[in-house]
Structures are given as structure tokens and as C-alpha cells.
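Line order of the protein sequences matches chains Z and D.
Count the first sequence with numbering that gives the first Met the number 0 and you get residues 0 to 144, in order.
Count the second sequence with numbering that gives the first Met the number 0 and you get residues 0 to 144, in order.
Right, one structure below, let's go through it.
2 protein chains.
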Amino acid sequence: MEDFVTLKKQLCFAVYETAGEFNKLYSSVLQPFGLTYPQYLVLVALWEKDGVSVKELGEKLNLGTGTLTPMVARMEANDWLRKERSKADERKVFIYLEEKARAEKLTITSKVAEVIQSCQIELEEYEQLMKQLNTLQNKMKERRL
Amino acid sequence: MEDFVTLKKQLCFAVYETAGEFNKLYSSVLQPFGLTYPQYLVLVALWEKDGVSVKELGEKLNLGTGTLTPMVARMEANDWLRKERSKADERKVFIYLEEKARAEKLTITSKVAEVIQSCQIELEEYEQLMKQLNTLQNKMKERRL
DNA sequence: TTCAATTTAATCGTGTACGATTTAATCTTA
DNA sequence: TAAGATTAAATCGTACACGATTAAATTGAA
Numbered sequence: 000m001e002d003f004v005t006l007k008k009q010l011c012f013a014v015y016e017t018a019g020e021f022n023k024l025y026s027s028v029l030q031p032f033g034l035t036y037p038q039y040l041v042l043v044a045l046w047e048k049d050g051v052s053v054k055e056l057g058e059k060l061n062l063g064t065g066t067l068t069p070m071v072a073r074m075e076a077n078d079w080l081r082k083e084r085s086k087a088d089e090r091k092v093f094i095y096l097e098e099k100a101r102a103e104k105l106t107i108t109s110k111v112a113e114v115i116q117s118c119q120i121e122l123e124e125y126e127q128l129m130k131q132l133n134t135l136q137n138k139m140k141e142r143r144l
Numbered sequence: 000m001e002d003f004v005t006l007k008k009q010l011c012f013a014v015y016e017t018a019g020e021f022n023k024l025y026s027s028v029l030q031p032f033g034l035t036y037p038q039y040l041v042l043v044a045l046w047e048k049d050g051v052s053v054k055e056l057g058e059k060l061n062l063g064t065g066t067l068t069p070m071v072a073r074m075e076a077n078d079w080l081r082k083e084r085s086k087a088d089e090r091k092v093f094i095y096l097e098e099k100a101r102a103e104k105l106t107i108t109s110k111v112a113e114v115i116q117s118c119q120i121e122l123e124e125y126e127q128l129m130k131q132l133n134t135l136q137n138k139m140k141e142r143r144l
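In C-alpha cells:
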């Protein structure tokens with residue numbers, strides 16, 4: 000009558016674990032490029048839309064400046080991107096991809112796609128998971144107003 | 000023909016985001032108890048089985064000593080648990096719940112359950128997600144041998 | 001027009017998380 | 001049984017991640 004609370008039964012833990020697995024899997028692919036998994040997500044966001052402010056990037060990735068500022072600095076040091084303070088509004092800092100990021104895009108995304116393919120995830124399963132995770136997220140976001 | 004690579008289409012990002020949402024949701028519940036979300040997971044593991052070695056705890060949570068050692072130290076400082084070096088094998092360190100952790104168990108788990116309930120997650124959806132996440136994890140684990 | 005509210009990033013402190021190395025204890029095997 | 005292999009935990013260095021605070025620029029209302 001008591002132990003409903005076990006790790007294996009917790010959805011939160013399943014998500015936590017899966018996120019960890021993705022992190023490890025992607026890291027192994029990205030390491031040769033000198034990229035971490037979160038840094039790769041930044042690149043994906045910028046490949047999608049270049050020249051965004053830190054705020055906008057943060058909204059896309061659900062990250063605050065406490066995380067982004069140092070991460071962007073590291074990526075700048077590694078020539079992935081460049082920061083530029085806006086002339087029009089000096090509070091804003093825009094982030095632009097560097098040549099290296101554009102040049103390596105195809106190589107990196109191909110390698111990543113290759114590894115994901117090799118996991119044999121059915122398209123149907125993939126899409127259903129995406130949908131369910133989104134519904135779940137929305138419910139949690141609503142919950143905390 | 001090109002931009003299949005967008006954040007919103009990436010399963011890895013959906014999982015990453017969802018994990019973040021869980022973290023924030025749980026944190027808001029746990030903060031009054033002076034617990035972080037990962038620390039709560041440690042408690043769940045110990046409520047399930049008390050008196051385990053650091054290694055065993057790490058296997059259950061998918062965490063290494065680089066993460067666990069300092070975390071356990073903090074939880075020890077906050078009277079949630081106690082460390083004890085094994086007499087039989089002095090390499091091993093066993094972890095035991097303290098009174099505080101046993102006493103607060105019901106209060107904590109009730110509060111957590113309450114918040115999760117309020118998210119209105121259907122049982123069917125919950126179980127399907129669990130199942131799919133597990134299959135996904137297994138595929139990724141297999142992939143990296 | 002000025003000064004208080006807001007916005008944007010940077011900074012700070014704490015807490016995971018991971019791979020690699022180190023140290024100490026135990027086990028193996030020649 | 002002594003040396004080498006293995007195991008367990010601690011330690012180290014790096015990199016997120018978050019909430020709170022700070023500092024500077026902009027906006028807006030009296």
C-alpha cells in the first residue's frame with residue numbers, strides 16, 4: 000500500500016535518464032569537432048536563424064544569460080560565432096555564425112544524423128514521442144503559470 | 000531540400016526541454032524542504048532501498064562519483080543521510096537515510112504527487128510515454144555498446 | 001524633459017554532470 | 001605470498017544550468 004514511489008515508475012526520471020543518454024550519444028559524435036551537446040544546440044538554433052540577440056537565443060533554447068553568456072564566450076573563443084553589440088539599441092548583443100560554423104554545418108549534421116539513424120528509431124515512434132513530449136511540456140508550463 | 004535541422008523537429012531537444020521543465024516544476028515543490036531535484040531522486044532511490052554503496056546508488060541513478068560524492072556530502076551536511084565505510088570491505092562506503100529523510104518522506108512525496116496530479120496527465124499517456132522512453136533509451140544504450 | 005520603470009546582458013553563488021586521474025583496498029595468480 | 005590487476009571512492013578540471021543581483025541603456029509618463 001506504500002511504495003508507489005520507485006525510480007522506475009517515475010516519468011520524471013525516465014525523461015531525466017533519456018536526456019542523459021542523448022547527451023552522451025551526441026557528445027561522442029560532437030567531441031571530434033570540439034563541441035559539447037548544448038553548444039551544438041546553439042549552432043542548430045543559429046543555423047536556423049542567424050544574427051539573433053542573446054535574449055532571443057535564450058528564449059529559443061530555454062536558457063538564461065547565466066548559462067548563455069559564458070557558453071557563447073567559449074564558442075566565440077573557438078571561432079564558432081561572433082558577438083556584436085547593436086548600434087540601434089546598445090543593450091542588445093547580436094550573435095552571428097562564423098565561417099567555421101557555416102563550413103562545418105553539413106559535416107556535423109551528417110555525422111549526427113548518421114548516429115541517430117543507427118539507433119533504428121521508427122519514424123512513427125519518433126513523431127508520437129515528439130507529440131507527447133510537447134503535450135506534457137505544455138501541461139507543465141501551464142501549471143507554473 | 001535543406002533545413003530538416005530545426006530545433007523544433009529534434010527529438011533530442013524535446014527531451015532536453017522536457018527534462019528542464021520537470022526540473023523547474025519539481026524544484027518549486029522541493030525548495031521549501033531545502034532539496035534540489037537531483038537530491039530528491041537520491042532520496043527516492045534510498046527510500047526504495049536504504050544502505051547502498053556509492054557505486055550501487057550511482058548505477059541506479061546513472062551517475063558517477065564525480066557527481067555523487069559532493070552531492071552526498073551536501074545531503075549529509077543537511078541531515079538527510081549518513082555515510083559509513085564498510086567494515087568488511089574498506090573500499091566501500093554505504094549510505095543510510097537519516098531520521099529526517101524517513102520522517103519527511105510522506106510529506107515530500109505527497110506534495111510532489113499533488114503537483115504532478117495538477118498537471119492532468121492521463122494515466123494512459125503517462126504509461127505510454129514511460130514505455131516509449133524506455134525503448135528509446137535501450138536503443139541508445141545498445142548503440143554505444 | 002526628466003526621472004522612475006523597464007529591458008538587456010553580465011556577473012555571482014550554488015549545484016549538478018562528466019571524463020580522467022589518483023589513492024587505497026582487495027583480489028589473483030604465478 | 002608478493003606483484004600485478006582490479007575495484008571503489010575521492011579528487012580535479014571543465015562545462016552547463018539556474019535564480020538573484022547588478023549595471024547600463026532605453027522607454028514612458030507626468
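The beta carbon of each residue, even a glycine, is placed where N, CA and C say it ideally should be.
Here the structure is a predicted model, which means the values were calculated and not measured.
Proximity to leucine 105 of chain D [Cα-Cα], best of D/Trp46, D/Asn61, D/Ala13 and D/Leu24 = The residue you call residue 105 of chain D lines up with position 106 of the second sequence. The candidate whose alpha carbon is nearest that of leucine 105 of chain D is D/Trp46.
For glutamine 136 of chain D and chain Z, any beta-carbon pair shorter than 9 angstroms?
-> Position 137 of the second sequence holds residue 136 of chain D. Chain Z, which has a Cβ nearer than 9 angstroms to the Cβ of glutamine 136 of chain D, makes this yes.
In chain order, which alpha helix (DSSP H) runs of at least 4 residues are fully inside the segment 21-106 of chain D?
-> 36-47, 53-60 and 64-76
Hey, leucine 56 of chain D and leucine 67 of chain D: beta-carbon distance below 9 angstroms or not?
-> Along the second sequence, read from residue 1 onward, the residue named residue 56 of chain D stands at position 57. Along the second sequence, read from residue 1 onward, the residue named residue 67 of chain D stands at position 68. Yes. Within cutoff.
Give the residues from the segment 16-33 of chain Z that approach chain D closer than 9 angstroms (Cβ to any Cβ), ordered along the chain.
-> Residues passing the 9 angstroms Cβ filter: Glu16, Thr17, Ala18, Gly19, Glu20, Phe21, Asn22, Lys23, Leu24, Tyr25 and Ser27.
How big is the Cα-Cα spacing for phenylalanine 32 of chain D and isoleucine 107 of chain D?
-> Position 33 of the second sequence, counted from the first residue, corresponds to residue 32 of chain D. Position 108 of the second sequence, counted from the first residue, corresponds to residue 107 of chain D. Looking at the two C-alpha atoms, the distance is approximately 8 angstroms.
Taking C-beta to C-beta, are valine 71 of chain D and valine 53 of chain D nearer than 9 angstroms?
-> Sequence index remark: in the second sequence, residue 71 of chain D carries index 72 (1-based). Sequence index remark: in the second sequence, residue 53 of chain D carries index 54 (1-based). At a Cβ-Cβ threshold of 9 angstroms, valine 71 of chain D and valine 53 of chain D count as neighbours.
Can you say whether tyrosine 15 of chain D is buried or exposed, counting buried as having 16 or more other CB atoms within 10 angstroms of its CB?
-> Translated into positions along the second sequence, residue 15 of chain D becomes position 16. Buried: at least 16 other Cβ atoms inside 10 Å.
Give the residues from the segment 47-66 of chain D that approach chain Z closer than 8 angstroms (Cβ to any Cβ), ordered along the chain.
-> Glu47, Lys59, Leu60 and Asn61
Helix, strand or coil for glutamate 113 of chain Z per DSSP?
-> Reading the first sequence from its first residue, position 114 is the one you call residue 113 of chain Z. Residue state, collapsed to three classes: helix.
Kindly indicate which three-state DSSP category methionine 0 of chain D falls into: helix, strand or coil?
-> The sequence position of residue 0 of chain D within the second sequence is 1, counting from 1. Because methionine 0 of chain D sits at a pLDDT of 43, beneath the cut-off of 50, its placement in the model cannot be relied upon, and the point is left open.
When the distance is taken between beta carbons, is alanine 13 of chain D closer than 9 angstroms to leucine 122 of chain Z?
-> Against the first sequence, residue 122 of chain Z aligns to sequence position 123. Against the second sequence, residue 13 of chain D aligns to sequence position 14. In this structure, alanine 13 of chain D does not lie closer than 9 angstroms to leucine 122 of chain Z by Cβ.
When DSSP labels each residue in this structure, what does cysteine 118 of chain Z get in the three-state scheme?
-> For this step, residue 118 of chain Z is matched to residue 119 along the first sequence. Correct three-state label for cysteine 118 of chain Z: coil.
Just the chain D side, please: which residues come within less than 9 angstroms of leucine 122 of chain Z by C-beta, in chain order?
-> Translated into the one-based positions of the first sequence, residue 122 of chain Z becomes position 123. Here the premise fails: no neighbours, minimum Cβ distance about 11 angstroms.
To the nearest angstrom, report how far apart alanine 100 of chain Z and methionine 74 of chain Z are at their CA atoms.
-> For the purposes of this step, residue 100 of chain Z is identified with residue 101 of the first sequence, where counting begins at 1. For the purposes of this step, residue 74 of chain Z is identified with residue 75 of the first sequence, where counting begins at 1. Between alanine 100 of chain Z and methionine 74 of chain Z, the C-alpha separation is close to 10 angstroms.
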